[in-house]
Amino acid sequence: MDNLINTYRRRILKAALLRHQRKTGSTLIIINMPKGGINTVELTEVLLDGLLRRFEKLALSEYGNVEGVKAIRGIYSSAVDVNGSGEFLTENGKVLIDDLIAELVEFAKKQKPVTAETSHD
């Protein structure tokens, strides 16, 4: 990709983690499963990096390499800003991250529940 996109991606994911932590007091997302029960997903830098890279792949496949990179740069540059307290997500950044997290939640809801195995010795 390019260094500017890598820099913006890192800034966005750090700002997104801080925003979620301030908003909820944790890095966990609680998911109400369709057939009852709950599931949790922890937002980490690795997870958000993967979501942003997935977004980049979709943009590149839709717009091609040159136009895709331009689109990603434009979206990322408008997603994060800096003030006296540090980096923060703009309204565009909040929409981007919220949409990516919503896709993650929908994916998690479609997964079969995992049960812990117990050993009987």
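Okay, so the sequence shown: first residue is 4 according to the working numbering, each after it adds one.
All residues carry an ideal CB built from backbone N, CA and C; glycine is no exception.
Keep in mind that this is a model prediction, so the values were computed, not measured.
- prompt: Nearest-angstrom Cα distance between F110 and N95?
  reply: The residue given as residue 110 occupies position 107 in the sequence shown. The residue given as residue 95 occupies position 92 in the sequence shown. Pairing F110 with N95, the inter-Cα distance amounts to about 23 Å.
message: Tell me the DSSP secondary structure of G87 in three-state form.
response: The residue you call residue 87 lines up with position 84 of the sequence shown. If DSSP states are grouped into helix, strand and coil, G87 belongs with coil.
message: According to DSSP, is T47 part of a helix, a strand, or is it coil?
response: Along the sequence shown, read from residue 1 onward, the residue named residue 47 stands at position 44. Shown here, T47 sits in coil according to DSSP, grouped into three states, outside any helix or strand.
message: Can you list, in chain order, the residues of its chain with a C-beta nearer than 8 Å to that of L55? Leave out the 5 residues immediately preceding and following it.
response: One-based indexing of the sequence shown puts residue 55 at position 52. Here the set comprises R12, I15, L16 and L103.
task: Using DSSP bridges, identify the partner residues of L54.
output: For the purposes of this step, residue 54 is identified with residue 51 of the sequence shown, where counting begins at 1. L54 pairs with nothing; no bridge assigned.
- request: Quick one: give me the first and last residue of the alpha helix (DSSP H) that K113 is part of.
  value: For the purposes of this step, residue 113 is identified with residue 110 of the sequence shown, where counting begins at 1. Its alpha helix (DSSP H) spans residues E94 to K113.
field: Identity of the residues DSSP links to N9 by a beta bridge
entry: Residue mapping note: residue 9 aligns to position 6 of the sequence shown, counting from 1. Beta-bridge pairing by DSSP links N9 to no other residue.
message: Suppose the cutoff is 7 Å on Cβ atoms and the five residues either side in sequence are ignored; what does the same chain contact list for F58 look like?
response: Numbered from its first residue, the sequence shown carries residue 58 at position 55. Once the five neighbours on either side are set aside, the close Cβ partners of F58 are L103.
- prompt: Any chance the segment 73-84 sits against the segment 26-39, with 3 or more Cβ pairs inside 8 Å?
  reply: In short, these stretches do not touch, since the Cβ pair count stays below three.
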